[in-house]
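Numbers 1 to 364, taken from our numbering, label the letters of the sequence shown in order.
Read through the structure below, which is laid out as structure tokens, and then see the notes.
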Amino acid sequence: MASISFHNIAKRFDTAQAVADFNLDIADGEFVVLVGPSGCGKTTSLRMLAGLEQPTGGSIHLDGQDITHVPSKSRALAMVFQSYALYPHMSVGENISFALSLQRVPKAQIVPQVQQAAALLGIEHLLDRKPRALSGGQRQRVAVARAIIRNPKAFLFDEPLSNLDAKLRHSARVEIRKLQQKLGTTTVYVTHDQIEAMTMADRIVVMEGGRIRQVGTPMELYRKPNSKFVAAFLGSPPTNFITGQCIHNNGRVRFVNDRMEIPLNPGVASGEVTLGIRPEHVTPVHASQDQIRISGGIRFVEALGAETLIDIDLGQSQNVTRTLTARLAGQHNLAPGSTLEIGFSPRDSMLFDAQGDAVPEAFA
């Protein structure tokens, strides 16, 4: 186990800046997830930590030791790749033990370690099979077992679940997180799937354009995103955004557009702003509730059993159709084409300025 620190890390490929000004401290035993859209630099950052890519600037420290120029094989890190990278001509047992064989560890010591790693992943009955005879989920477990047997200072995962179906991804998320908690090994995990990030991480690092946009616990980022980008990226269905203006008039400060008016705190600067509302905070209007109310036509209903998703047409603005998604608990008898009055509370909302940065304590 070990702490990891990135100091002003940068990576350039020819004229393209893949990573810039990357600074991050990871505590011993922490599970940190790098998340963001394709091309944001998350995998490049992981590969620099693994020693598979060389930074063009900055330094990386493992347990206080500068490993920036240390060869990959000497870093005491174990990486699980997206493709799993299993040797097809070797059995499962041989794949798991390969790293120890390269180190010339006696076979008598290797066998019990392979058995132990396989037992942790529930694949001890597969040790004599070849990778081609395994399912995707079984191959993923073999790759993790191969990482465990090295007893590394940290685990590095590069989108290890992307090749699995939805049901297997759920069970694999649980297995990997439980295993990491049991072993207590520092883990850096890369994914583009925000559900994986939210459910597995101690802390999430959201990246965009090669830079870190925000770092925090899953609930910190979900409840208090520092930008419109982070608010949009985390959450399913995505956050609703409604554009408007912050107007100062006769001592009153308000969010205003053609459909609503919401009081704001005096500190909010005038100009273009965007209101952010999570779908679960949009509800049918109840007379007893103090809500901002708006009506619209139901465009689409997704009845999912435990919840119902509704797309509501708010009309056109500058020839663009505006919609709002509501996420309602349970089942609802709602039909496309009908009108629904919905509401939301300003205290559950977010406000972003014209540059997309969050405006703190915006609502009165």
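Ideal Cβ placement from N, Cα and C applies to all residues, glycine included.
Whole-Å CB distance - residue i paired with residue j, under 8 Å assumed
i: residue 156; j: residue 46; result: 6 Å
i: residue 149; j: residue 117; result: 5 Å
i: residue 330; j: residue 302; result: In fact, because the Cβ distance is near 13 Å, the residues do not count as touching under 8 Å.
i: residue 2; j: residue 63; result: 4 Å
i: residue 32; j: residue 147; result: 16 Å between Cβ atoms; not a contact.
i: residue 275; j: residue 241; result: 7 Å
i: residue 21; j: residue 211; result: 6 Å
Residue range of the beta strand (DSSP E) that includes residue i
i: residue 343; result: 339-344
i: residue 154; result: 154-158
i: residue 254; result: 252-256
i: residue 93; result: No beta strand (DSSP E) holds residue 93; the alpha helix (DSSP H) holding it covers 92-102.
Distance, residue j Cα to residue i Cα
i: residue 290; j: residue 253; result: 19 Å
i: residue 108; j: residue 93; result: 14 Å
i: residue 110; j: residue 96; result: 10 Å
i: residue 293; j: residue 239; result: 18 Å
i: residue 277; j: residue 89; result: 53 Å
i: residue 10; j: residue 56; result: 6 Å
i: residue 17; j: residue 190; result: 19 Å
i: residue 271; j: residue 296; result: 26 Å
i: residue 6; j: residue 216; result: 16 Å
i: residue 128; j: residue 14; result: 45 Å
i: residue 218; j: residue 112; result: 38 Å
Status (buried if at least 16 other CB within 10 Å, exposed otherwise) for residue i
i: residue 84; result: buried
i: residue 69; result: exposed
i: residue 245; result: exposed
i: residue 349; result: buried
i: residue 223; result: exposed
i: residue 315; result: exposed
i: residue 154; result: buried
i: residue 44; result: buried
i: residue 346; result: buried
i: residue 158; result: buried
Extent of the continuous alpha helix (DSSP H) to which residue i belongs
i: residue 281; result: Careful: residue 281 lies outside any alpha helix (DSSP H) and carries neither H nor E.
i: residue 45; result: 42-50
i: residue 117; result: 107-121
i: residue 261; result: Premise fails: residue 261 lies in the beta strand (DSSP E), 261-263, not in any alpha helix (DSSP H).
i: residue 195; result: 194-200
i: residue 335; result: Unbroken run through residue 335: none, as it is neither H nor E.
Any C-beta of chain D under 8 Å from that of residue i
i: residue 206; result: Judged by its chain identifiers, the structure shown contains no chain D, having just a single protein chain.
(request) Please list the segments of the beta strand (DSSP E) lying wholly inside the region 128-179, counting only runs of 3 or more residues, in order along the chain. (result) Counting whole runs of 3 or more residues, the region 128-179 contains the beta strand (DSSP E) stretches 154-158.
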